[in-house]
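Asker: Pasting in a structure now, in structure tokens, and then I'll have a few things to ask.
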Amino acid sequence: MSSVEMLNTYFLSIVLASLLVNTTIALYALFFKPHYVKKVIALTIFSDTVNTFAIFIGYRRWVGQTPPRVPVLTDLNQNAIENTIEEFKSLAVDPLPQALVLTAIVIGLAVILFLVFLGWILYSHYKTLDMREIRGLKG
Amino acid sequence: MKLIELVILIVVVLAVALLITVGFEHIIPSTSVRRLAEFYLYTAYNPLVNYTAMSPEAVTAIVWDFRGLDTLFETSVFYLALIGSLALVRGLFVEHVEKSGHGLSIIVRTVTRITAPMIIAVGASIGLHGHLTPGGGFQGGSVIAVLPMIVIVVFSAGFLVLKGVTTSKLITTRSLGLIGIGVTAIALFLAGLALGTSAYVFQNMAKPAAQISMPVSIGGALISGTLWFFNLFEMFAVAAGFTIAFLAIMMARTLEAEKR
Chain Z
600 MSSVEMLNTY FLSIVLASLL VNTTIALYAL FFKPHYVKKV IALTIFSDTV
650 NTFAIFIGYR RWVGQTPPRV PVLTDLNQNA IENTIEEFKS LAVDPLPQAL
700 VLTAIVIGLA VILFLVFLGW ILYSHYKTLD MREIRGLKG
Chain H
45 MKLIELVILI VVVLAVALLI TVGFEHIIPS TSVRRLAEFY LYTAYNPLVN
95 YTAMSPEAVT AIVWDFRGLD TLFETSVFYL ALIGSLALVR GLFVEHVEKS
145 GHGLSIIVRT VTRITAPMII AVGASIGLHG HLTPGGGFQG GSVIAVLPMI
195 VIVVFSAGFL VLKGVTTSKL ITTRSLGLIG IGVTAIALFL AGLALGTSAY
245 VFQNMAKPAA QISMPVSIGG ALISGTLWFF NLFEMFAVAA GFTIAFLAIM
295 MARTLEAEKR
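Note that the protein sequences, when read in sequence, are chains Z and H. Going by our numbering, the first sequence opens with residue 600, and the numbers climb by one from there. Going by our numbering, the second sequence opens with residue 45, and the numbers climb by one from there.
Put into structure tokens, the structure is as follows:
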């Protein structure tokens, strides 16, 4: 393993480790922070971390000595098409996690909207957003 | 209660450990991708194979063609979340136009007026080029929904209503977008019924058992069959949906402030 490759692996490991730490912190805040808004913020951090994790799994390392460049499909004539698509296939990252994350982001946004409205209703009912007090009120 | 929290945390830790163990080979990215990803990359824009989507942007091809039903139900989840939110605030949210107030300073207002068409142009560009470059209906719609947010902050929510952006119009736009998505989804199926050949619901390009397909390009411009239409309608639906939510939040807040 060359030193550049080693460094790349090390950077990717740093990303992975920080994602795991981030997940832990977000889950801790989600479970143990008493304030509703802080819980919602922790939930957004958690979902963003999980989304980044999915993108990270679909990432593909660059092969070759040149700097990374975007594989672009331009030619559509019958001779060039096989070569272009083969090159595209050998260089592009995994598109499936990106598509799933796109779905997850929109759903997450809608859920956050719903939670914001819910928190506002909670506040207008109980005059507080402290979950310990809301839990103690029992209706 | 503490015991339950402890048990939940332990279960989460064990589950994450299991996930890392199972997925260890794939967690640090290598220079290769999975076979499934190679299939998608190979067929996304390849007129020589059977299951192509004819879109150079593989993510959009997956979102609206290979896994189109996923996205259809995602759209309905988004719709239901929005309807649920509006139902939660139905008594507290009254659309009204306030006459007082001038908004922020004239510099901010002028800059907002200048950037407003640019925001819409960028959003439309992202949405309508979704089958060519990274982007699509959701992203374009979200970018367009930034504009009402800025207008609400800089001017007021009443200003938006005064300009004709009312809740009923937005809900109509949203419903039209959703109807458009539904019609696009069954367009080829209906065409197959009319022509007497077999066709699938949510079909885009010709499949081995269903030999009809949407037009790949119109006048030399690539539209990738259904993808362009899906992106267009989804853009309208998402932009209108988020605008309703912002409007409801801000209107409800001003009403609450007036009550005090």
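Beta carbons are placed, not taken as given, at the ideal position from N, Cα and C, and that holds for glycine. The structure displayed is predicted, hence computed values, not measured ones.
1) Which first and last residues belong to the alpha helix (DSSP H) in which His175/H is found?
2) Taking the beta carbon of Thr154/H as the centre, do at least 16 other beta carbons fall within 10 Å, making it buried, or is it exposed?
3) Nearest to Gly174/H by CA position, among Gly221/H, Phe233/H, Phe203/H, Val107/H, is which residue?
4) Assuming Pro694/Z and Ala653/Z are in contact, meaning their beta carbons sit under 8 Å apart, how far apart are those beta carbons, in whole angstroms?
5) Is Phe280/H close to chain Z, meaning its C-beta is less than 8 Å from at least one C-beta of that chain?
6) If we define contact as Cβ-Cβ less than 8 Å, is Arg111/H a contact residue for chain Z?
7) Please work out which residues of its chain come closer than 8 Å, Cβ to Cβ, to Ile164/H, disregarding the five sequence neighbours upstream and downstream, and give them in chain order.
8) Taking the alpha-carbon of Ile644/Z as reference, which of His634/Z, Leu629/Z, Ile613/Z, Ile706/Z has the nearest alpha-carbon?
9) If you count every other CB in all the chains shown that lies within 10 Å of the CB of Pro73/H, and 16 or more means buried, which is it?
10) Which one of Glu685/Z, Glu686/Z, Tyr722/Z, Asp647/Z has the shortest CA to CA distance from Ile711/Z?
11) With C-beta atoms as the reference, is Pro100/H less than 8 Å away from Leu172/H?
12) Straight-line CA distance for Glu49/H to Phe117/H?
13) Please go through the same chain and pick out, in chain order, the residues whose beta-carbon is closer than 6 Å to the beta-carbon of Ala245/H, but skip the five residues on each side of it.
14) Would DSSP call Asp740/Z helix, strand or coil?
15) Just list the residues that DSSP pairs Lys251/H with in beta bridges.
16) Answer with buried or exposed for Lys688/Z, where buried requires no fewer than 16 other C-beta atoms within 10 angstroms of its C-beta.
Answerer: With the structure as the only source:
1) According to the DSSP assignment, His175/H belongs to no alpha helix (DSSP H), since it is labelled neither H nor E.
2) By the beta-carbon neighbour count (other beta carbons within 10 angstroms, threshold 16), Thr154/H is exposed.
3) Nearest C-alpha to Gly174/H: Val107/H.
4) Not really, about 12 Å apart at Cβ, beyond 8 Å.
5) Closer than 8 Å: no.
6) Answer yes: the Cβ-Cβ gap between Arg111/H and chain Z drops below 8 Å somewhere.
7) Answer for Ile164/H: Ile188, Leu191, listed in chain order.
8) Comparing Cα-Cα distances from Ile644/Z to each of His634/Z, Leu629/Z, Ile613/Z, Ile706/Z, the minimum goes to Leu629/Z.
9) Looking at its Cβ environment, which holds 16 or more other Cβ atoms inside 10 Å, Pro73/H is buried.
10) Of the listed residues, the one whose Cα sits closest to Ile711/Z is Asp647/Z.
11) Taking 8 Å as the Cβ cut-off, Pro100/H and Leu172/H do not qualify as a contacting pair.
12) For Glu49/H and Phe117/H, the distance between alpha carbons rounds to 33 Å.
13) The sequence as given places Val at residue 245/H; Ala does not occur at that position. Here the set comprises Ile230, Phe233.
14) Outside the shown range of chain Z (600 to 738) lies residue 740/Z, about which nothing can therefore be said.
15) Bridge partners of Lys251/H: Ala254/H.
16) Only buried fits Lys688/Z, as 16 or more other CB atoms lie within 10 angstroms of its CB.
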